[in-house]
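So for the sequence shown, our numbering puts the first residue at 124; every next one is plus one. All C-beta atoms in this analysis are idealised placements derived from N, C-alpha and C, irrespective of residue type, glycine included. Below is one structure, written out as structure tokens; comments come after it.
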Amino acid sequence: MRRSALAMVVVVAMALPAVVHSSEREVRSPQDIFADRCAYCHEAGGWGTRVLARRVPEGQAELRQRDNLPPALTMLVVRRGIGAMPPFTPTELSDAELEALAEWLASGTPRQRP
């Protein structure tokens with residue numbers, strides 16, 4: 124009994140820094156999230172873009188160029204993964220960050236490149 128209580132204290136103590144750290148995570152802009160997490164595969168020439176080019180209308184394979192990308196679809200695919208794309212967990216990309224990214228992609232703003 125005493126060992127299990129001690130083990131539980133150790134587990135909680137080890138998890139506590141992760142909880143504190145995740146609540147203190149700096150808020151990133153959708154543009155930064157895209158550049159950090161998505162661009163490698165979903166910019167021109169990326170694996171994701173090349174795969175999508177076989178499945179979507181011409182000019183719609185690059186995510187930032189899409190004009191029909193519902194936020195709910197983005198959120199579902201990011202959380203569950205699809206094909207070779209791995210799922211992203213809430214510890215990798217918070218729900219708030221994912222929602223902001225999905226809304227940004229759907230807004231048309233990404234198409235307005237500098």
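Can you find at least 3 beta carbon pairs, one from the segment 177 to 185 and one from the segment 208 to 215, that sit closer than 8 Å?
-> Touching, no.
Just checking my contact of R203 with P210 at CB under 8 Å: how many whole Å lie between their CB atoms?
-> Translated into positions along the sequence shown, residue 203 becomes position 80. Translated into positions along the sequence shown, residue 210 becomes position 87. So it is a contact: roughly 5 Å between Cβ atoms.
Assign V150 to one of two classes, buried (16 or more other C-beta atoms within 10 Å of its C-beta) or exposed (fewer than that).
-> Within the sequence shown, the letter at position 27 stands for residue 150. With fewer than 16 Cβ atoms within 10 Å of its Cβ, V150 is classed as exposed.
Ignore the nearest five residues each way along the sequence and tell me which others in R189's own chain have a CB closer than 6 Å to its CB.
-> Mapped onto the sequence shown, residue 189 falls at position 66. The answer, listed in chain order, is Q183.
Should V201 and L221 be called a contact, given that it needs their Cβ atoms to be closer than 8 Å?
-> Stepping through the sequence shown from its first residue, residue 201 is reached at position 78. Stepping through the sequence shown from its first residue, residue 221 is reached at position 98. Annotated as proximal: V201 and L221, with beta-carbon spacing under 8 Å.
With burial defined as no fewer than 16 other Cβ atoms inside 10 Å of the residue's Cβ, what is the status of T197: buried or exposed?
-> Counting from one through the sequence shown, the residue named residue 197 turns up at place 74. The residue in question, T197, is buried, as its Cβ has 16 or more Cβ neighbours within 10 Å.
Take the Cβ of G168 as the centre, count every other Cβ of all protein chains shown within 10 Å, and call the residue buried at 16 or more, exposed below.
-> Sequence index remark: in the sequence shown, residue 168 carries index 45 (1-based). Its Cβ having fewer than 16 others within 10 Å, G168 is exposed.
Opposite I205 in the DSSP bridges: which residues?
-> On the sequence shown, residue 205 is found 82 positions in, with the first residue counted as 1. Beta-bridge pairing links I205 to M208.
Work out the CA separation of L192 and I205 for me, nearest whole Å.
-> As a working mapping, residue 205 is identified with position 82 in the sequence shown. As a working mapping, residue 192 is identified with position 69 in the sequence shown. So the alpha carbons of these two residues sit roughly 15 Å apart.
Do you know how far the Cα of A223 is from the Cα of E166?
-> Here residue 166 refers to the residue found at position 43 of the sequence shown. Here residue 223 refers to the residue found at position 100 of the sequence shown. Cα to Cα, E166 sits roughly 19 Å from A223.
Cα-Cα separation, Q154 to C164 = The residue labelled residue 154 in the question sits at position 31 within the sequence shown. The residue labelled residue 164 in the question sits at position 41 within the sequence shown. Q154 and C164: Cα-Cα distance of roughly 15 Å.
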